[in-house]
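Here's the structure, in structure tokens; my notes come after.
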Amino acid sequence: MLITSSWAIDFVIFFITISYLVIKFYARNNDFFKKRGVKYVKPKPIVGNVGRVMLLQENTGNILKEIYDSTDAPYYGMFFFHVPYLVLKSPQLIKEVLVKEFGHFMNRTWAQAKHDEIQKNMMFFQHGEEWKLTRAKVSPVFTSGKLKGMFYILKDNGELLVDFLRKNADNVDLEKMTMRYVLNGISRCFFGINPHCLEDGVKSEFLDIIQEGSRPSTLDALRMFCFLYHHKMVDFFKLNMFNKKMVDYCANTFNDVLKTREEARRSNNMRVNDMADIIIDLKYDEEFNKNFDFGGDKVLAQPFMFLLAGNGTTTMSLTFTLYELCINPDVQSKLRDAINEMIDDYGGITYEGLMDKKYSYIDMVLAETHRMYPAIFYLDRTCTSDFQLPGTDYVVRKGEKIIIPTWALHYDEKYFPDPYKFNPERFLKRVNEDGFYYVPFGEGPRECIGNRFALLNLKVALSSIIPNFSVEKTPQTPARMKLDPVGLSAIPKGRLIVDFKPLT
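Read in the UniProt record's numbering, the sequence shown has 118 at position 118, and its numbers run on one by one without any break.
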């Protein structure tokens, strides 16, 4: 039914009305911080303070840093679309939220995808008691004893990597090469799967599937934004964060592993005490299942999370480390000396040698990589009960969202002078002695559960590569790192090509 005698005029009226309602909807929280007396960045219609992120002009980390640098306030407000976030700049307040008052800030801000049994049951997305119980049950996989027991697999994986590089030393795509190493190690250590990623000339279907789903596309980024800032869209459109082909392939693979392990346990009581065995234990744990049903696809949630999170973050860490060593040959030479000294003292690459603080330069190099390229641009938390920020009049209300701007903190000259220089020596001094400003893995009870395994895996890789090869620039190697604006973590824009010149 026409409002006027012209359909064209009616269309214009309809368009203007809808536009007005959309803008009004997105502007409903614009005075959130003003009413509460908090400094904030005035949001733009619909996009809030992240318009350039949506236009793929800038990554989220640099947007957060620009805002961070514009104020001296210990906390301030900003908007991701229509959603207000309280950003903590004070290291002392960050420590309060992540550790001392963790009970008020236990949950992350991500949507749980209630329609997807695998994703909603991943520990990363879980809330409250469900997260707490899952974490307690899974944590034994990452004890020092378990890591030491896995070390022989990682060492063998390092030797396979050296063999692979001897046959493929020129014009190496760092990201593709490091993913081969990382995926091979994680699969063998946690699931007893050998995906043959480092066997030259052998096609690995497992590697192909994971590589296909690992790089976020623009569409992936939009879905990710919905999981963070538009939860109702996730439920309404039944959105999934992960590539369906990859999810289905991994689900079938993990189901086969679990079935084989259960049969082996029944027939000869065999245990490996890896992730697969922990998951089987949970499946039959009466106390755990009394509170949370662990049947069906839910059993696949934790293996899938550890594979994806561990593979993606560790691959990027090793990629960035090797790139920085390539363009900083003095650091590479010093690292080689430290590793060779360790190998001479311990008679090879050993768990004890890598844990020995005498050779801390390896740790310092990795710490600097994680400062410059943290796994995620910011940490997020949702307040679960009202809490007054210590030393302030501000009360964080239940449901309010918090951001800790990791990227901005790591590039703050007050804590890290000359922050754009790759300088491992800066970690000769202890960090975080008075509050938290270095948080590459998070901190407190909800810090990354696999960070110790990831660091060990990275140390083995460097200790295998650096004594045997010089990582050298090619005409294609960028002189300066450029990051892809897509996603919430540091990802190189374009390929990082280097040569591995044999030394032995």
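In this text, a Cβ means the ideal position worked out from N, Cα and C, and glycines have one as well.
#1: What residues in its chain sit with their C-beta under 8 Å from that of T321, if we drop five residues either side in the sequence?
#2: Excluding the 5 residues preceding and the 5 following L503 in the sequence, name in chain order all residues of the same chain whose CB lies nearer than 8 Å to its CB.
#3: Taking the straight line between their C-alpha atoms, what separation do you get for F32 and M54?
#4: For S464, count neighbouring Cβ atoms within 10 angstroms of its own Cβ and tell me buried if that reaches 16, exposed if not.
#5: Am I right that F142 and R452 are in contact with their C-beta atoms under 8 Å? What's the rounded C-beta distance?
#6: Beta strand (DSSP E) containing L88: first to last residue?
#7: Any contact of the region 36-43 with the region 63-79, i.e. 3+ C-beta pairs under 8 Å?
#8: Taking C-beta to C-beta, are G48 and H82 nearer than 8 Å?
#9: By Cβ distance below 8 Å, which residues in the same chain neighbour I193 in space, the five residues on each side in sequence not counted?
#10: Would you grab the beta carbon distance between G61 and F377 for me? Rounded to a whole angstrom, and I think it's under 8 Å.
#11: In angstroms with no decimal places, state the Cα-to-Cα distance between F304 and P440.
#12: Just how far apart, CA to CA, sit F387 and H104?
#13: Just tell me which of R495, H410, L456 has its CA closest to the CA of G158.
#14: Can you list, in chain order, the stretches of the beta strand (DSSP E) that have 3 or more residues and sit fully within the region 53-115?
#15: Nearest-angstrom Cα distance between T474 and D345?
#16: With a threshold of 8 Å on Cβ separation, who are the neighbours of E96 within its own chain once the five nearest residues in sequence on each side are excluded?
#17: With DSSP run on the structure shown, which of helix, strand or coil describes G399?
#18: Who are the near neighbours of L483 in its chain, counting only those whose CB is closer than 7 Å to its CB and skipping five residues on each side?
#19: Going by DSSP in three states, Y40 sits in which element: helix, strand or coil?
#20: Helix or strand or just coil, what does DSSP make of V498?
#21: Return the chain-ordered ranges of every alpha helix (DSSP H) run that is complete within the region 120-174 and spans a minimum of 4 residues.
#22: Just how far apart, CA to CA, sit S317 and L183?
#23: In whole angstroms, what separates the C-alpha of V486 from that of W131?
#24: Please work out which residues of its chain come closer than 6 Å, Cβ to Cβ, to F125, disregarding the five sequence neighbours upstream and downstream, and give them in chain order.
#25: Around the Cβ of A73, are there at least 16 other Cβ atoms within 10 angstroms (buried) or fewer (exposed)?
#26: Please classify residue 507: is it buried, with 16 or more other beta-carbons within 10 angstroms of its beta-carbon, or exposed?
#27: Since V471 sits in a beta bridge, which residues does DSSP pair it with?
#28: Could you check whether the region 324-336 touches the region 418-425, counting it as contact only if at least three pairs of C-beta atoms, one from each stretch, sit closer than 8 Å?
#29: Applying the criterion that 16 or more other CB atoms from any shown protein chain within 10 Å of the CB defines a buried residue, is Q476 buried or exposed?
#30: Just curious, the alpha helix (DSSP H) that L308 is in, first and last residue?
#31: Could you name the residues that DSSP lists as bridge partners for G48?
#32: Could you tell me which uninterrupted alpha helix (DSSP H) segments, each at least 4 residues in length, are contained entirely in the region 349-387, listed from first to last along the chain?
Here's the rundown:
#1: V365, L366, T369, L458, L462
#2: P467, N468, F469, S470
#3: 22 Å
#4: buried
#5: 6 Å
#6: 83-88
#7: yes
#8: yes
#9: S187, F206, T253, V257
#10: 4 Å
#11: 22 Å
#12: 7 Å
#13: L456
#14: 75-80, 83-88
#15: 34 Å
#16: L389, P390
#17: coil
#18: N59, A490, I491, P492, K493
#19: strand
#20: strand
#21: 128-138, 144-167
#22: 13 Å
#23: 29 Å
#24: W110, Q112
#25: exposed
#26: Residue 507 falls outside the range modelled here, since the chain spans only 1 to 504, and no answer is possible.
#27: F500
#28: yes
#29: exposed
#30: 301-327
#31: K44, F80
#32: 351-355, 361-372
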